[in-house]
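In this note's numbering, the protein residues as written are -10 to 257. All C-beta atoms in this analysis are idealised placements derived from N, C-alpha and C, irrespective of residue type, glycine included. None of these values were measured; they are calculated from a predicted model.
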Ligand code: NAD
């Protein structure tokens, strides 16, 4: 039986992860943590996740979860995840990171950490989005520069980072297929008299509303036609189930930084 530690267990994703691990075969919850000061500390997180008690109390430090687990699943905040990653390196534990909003500097540091422990990191753990990334690559390669590329993402009102990590990942995939430098071509939310659209721009637009779990659309448009590829997450369970799949997959793997394309065997 694989033992999983869930850090950030009181969050929207943390609760979905508890339900997902309990439903999965071959994996069990061995430790749970939350940020110091959280109302979950000292309590059984199963109650908040509506699963009934799981027999484990949430700690205000990840140490116990790391000690009792083979793999840690972390959907928290960039700062907390950097701390958890350092701890994973120190204790040589596998870690699945779903957190988004890392800075470039943090992402570079995570790349280096991948040499020292086993990491799966992806801004979106759903099977559908990872398939969409493949379709984006195929479409962008086939359509090329004559087609304008625009991405629109919508999330719930509580989301802290913008644009979503998934929208950035979709834009990066399109930029790669079109041989463009992502940083030079990405354009975020336009306003004012900005002039005509430049051919090689990749536009990324952000909407925040209500309780939308996560919608992403990429548009390829040229005079005369438009292709739109859309993914809509209906429930957080889709991300949680992907993360649990990644955790089970990762425990037997050698050190390295992996993504969901590795887990789902979608790499060419
Ligand atoms: P949330 O705010 O509901 O939950 C985050 C939880 O982490 C909170 O309960 C918070 O108290 C906890 N936390 C913060 N610091 C901590 C620490 N030091 N130790 C332990 N716990 C700590 O947010 P959410 O909607 O669950 O999303 C969390 C992250 O996951 C975000 O970055 C979000 O963008 C990302 N996300 C990724 C995917 C994916 O598929 N990769 C899907 C959904 C959300």
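The segment 231 to 249 makes contact with the segment 4 to 11: 3 or more CB pairs, one atom from each, lie closer than 8 Å. Residue 55 counts as buried, since no fewer than 16 other beta carbons sit within 10 angstroms of its beta carbon. Note: residue 137 is bridge-paired with 210 in the DSSP secondary-structure output. Buried is the label assigned to residue 108, since at least 16 other Cβ atoms lie within 10 Å of its Cβ.
Residue range 93 to 102 is occupied by the alpha helix (DSSP H) that includes residue 94, with no beta strand (DSSP E) assigned at that position.
Residue 95 and residue 172 have their C-alpha atoms some 16 Å from each other. Per DSSP, residue 23 is not a residue of any beta strand (DSSP E), being assigned neither H nor E.
Taking 7 Å as the cut-off, one finds no heavy atom of ligand 1 near enough to the beta carbon of residue 33.
The beta carbons of residue 222 and residue 65 sit no closer together than 8 Å. By the neighbour-count criterion, in which 16 or more other beta carbons inside 10 Å mark a residue as buried, residue 169 falls on the buried side.
Three or more Cβ pairs closer than 8 Å define a contact, and the segment 197 to 207 falls short of that threshold against the segment 66 to 78.
Remark: the shortest separation between the CB of residue 10 and any heavy atom of ligand 1 does not fall under 7 Å.
A heavy atom of ligand 1 is found nearer than 7 Å to the CB of residue 114. Rounded to the nearest angstrom, the gap between the Cα atoms of residue 60 and residue 252 is 15 Å. Residue 84 sits away from residue 237, with the two beta carbons spaced by 8 Å or more. Collapsing the DSSP output to three states places residue 245 in a strand.
Residue environment: residue 119 is assigned as buried (16 or more neighbouring CB atoms within 10 Å of its CB, all protein chains considered).
Checking the 7 Å criterion, the Cβ of residue 162 is out of range of every heavy atom belonging to ligand 1. Taking a C-beta distance under 8 Å as the contact criterion, residue 45 and residue 33 qualify as a contact pair. In the structure shown, residue 106 falls within a coil segment according to DSSP collapsed to helix, strand and coil.
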